[in-house]
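Asker: Heads up: the sequence shown begins at 1 in our numbering, then just goes up one per residue. Ideal Cβ positions, reconstructed from N, Cα and C, are used throughout, including at glycine. If you scroll down you'll find the structure; I have some questions about it.
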Amino acid sequence: CDGFMVGSTKTDPSIDAVEIPHEGPEEYNNIWQKVRSMWAYIYDNYYQEGYDWFHIGGDDLYLIVENLRLYLESEEIQTAANGGVYLPDGTETTQTPLFLGRRFAYQGDMNDIFISGGSGYTMNRAALKALVTEGLPNLFPHAHTFSEDTMIAKIFRKKLGVYPYDTQDEAGGERYMPFMPGHHYGYHLPDDPSKDWYAKYSIHIKEGPDHCAAKSVAFHYVKDDAMYRLHALLYHLCPST
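Pasting the structure below:
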């Protein structure tokens, strides 16, 4: 089954929003403390509920749940999450921690890979447990920064020895997209990639329609009106003429 909740400054049962206190001010430059508290809350309240995977994202994220489920249920991911052995019924005691999303190399450095927070990121039970019980208490507990995605990656890499998993499909298309669909569909490398942060940070990037996976999981920077349009297009809700 699927579950959903909203981390908020106010509890509102009508939208499954829960107030989650955090250290420091309520501002963009303190997103790290917000996300840190959210992951701790999720572990404390939902880990025992039997969920296999956990995905986090902002309010301008469009998530295609069916594609995410299909990907997580694939033999590739089930095998990767169980140490190279295909064990669909593996538990967190036998699992390999898996950390999924859109990989970026910071300033093009392949030794400093993180997962972009824009399109969200996904982790299995073993990764969630390791992050909250071993990582969060020991690294950056009082840091205030907007770059929560790089902080999470540093904890996984430096403390837990877990590296972002390559989520490109078999054709090299990206599943987790940091911009709107149209941006990626028409994307072409600039003449000087070193001057374009997206080209510089991306790993084995493709151009045009090949840039996106056929079964993409998520898109970022989707405004409210575009959310409705995407939903109508994807779920055949547009009136026929």
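Pick from A17, N29 and S14: whose alpha carbon is nearest that of E148?
Answerer: Checking every option, the nearest Cα to that of E148 belongs to N29.
Asker: Which word fits P245, buried or exposed, when buried means at least 16 other C-beta atoms lie within 10 angstroms of its C-beta?
Answerer: Because the chain here runs from 1 to 241, residue 245 falls outside it and cannot be looked at.
Asker: Three Cβ pairs or more, each shorter than 8 Å: is that satisfied between the region 37 to 54 and the region 122 to 132?
Answerer: yes
Asker: Looking only at DSSP bridge pairs, what is V35 linked to?
Answerer: Bridge partners of V35: none, in fact.
Asker: For V6 and R69, I'd like the C-alpha separation in whole angstroms.
Answerer: Straight across, the Cα-Cα distance linking V6 with R69 is about 20 Å.
Asker: Check whether the Cβ of Y176 lies closer than 8 Å to any heavy atom of the ligand MG, and answer yes or no.
Answerer: With respect to the ligand MG, the structure shown offers nothing to examine, as it has no ligands at all.
Asker: Identify the continuous beta strand (DSSP E) that holds N111 and give its terminal residues.
Answerer: No beta strand (DSSP E) contains N111, which DSSP labels as neither H nor E.
Asker: Roughly how many angstroms lie between the CA atoms of L61 and N45, to the nearest whole one?
Answerer: 23 Å
Asker: Could you tell me which uninterrupted alpha helix (DSSP H) segments, each at least 4 residues in length, are contained entirely in the region 135 to 196, listed from first to last along the chain?
Answerer: Those alpha helix (DSSP H) runs which fall completely within the region 135 to 196 and span 4+ residues are 148 to 154 and 181 to 185.
Asker: Quick one: what's got a C-beta closer than 8 Å to E19's C-beta in the same chain, skipping five residues either side?
Answerer: Around E19, the same chain offers S8, T9, K10 and T11 as residues with beta carbons nearer than 8 Å, after the five sequence neighbours per side are excluded.
Asker: Under 8 Å Cβ to Cβ from Y41, same chain only, skipping five residues before and after it: list those, please.
Answerer: These residues qualify, in order along the chain: G7, V18 and I20.
Asker: How close, in whole Å, do the beta carbons of A153 and F114 come, if the pair is a contact with beta carbons under 8 Å?
Answerer: 3 Å
Asker: Which of helix, strand or coil does DSSP assign to V6?
Answerer: strand
Asker: Counting pairs of beta carbons, one from the region 175 to 191 and one from the region 132 to 141, are three or more of them closer than 8 Å?
Answerer: Segments in contact, no.
Asker: Report the rounded CA-to-CA distance for D112 versus P239, giving the unit in angstroms.
Answerer: 47 Å
Asker: Taking 8 Å as the threshold, find out whether the region 223 to 237 comes into contact with the region 187 to 195 through three or more Cβ pairs.
Answerer: no
Asker: Are the Cβ atoms of V217 and Y106 separated by less than 9 Å?
Answerer: no
Asker: Less than 9 Å between the C-beta atoms of H211 and S116, yes or no?
Answerer: no
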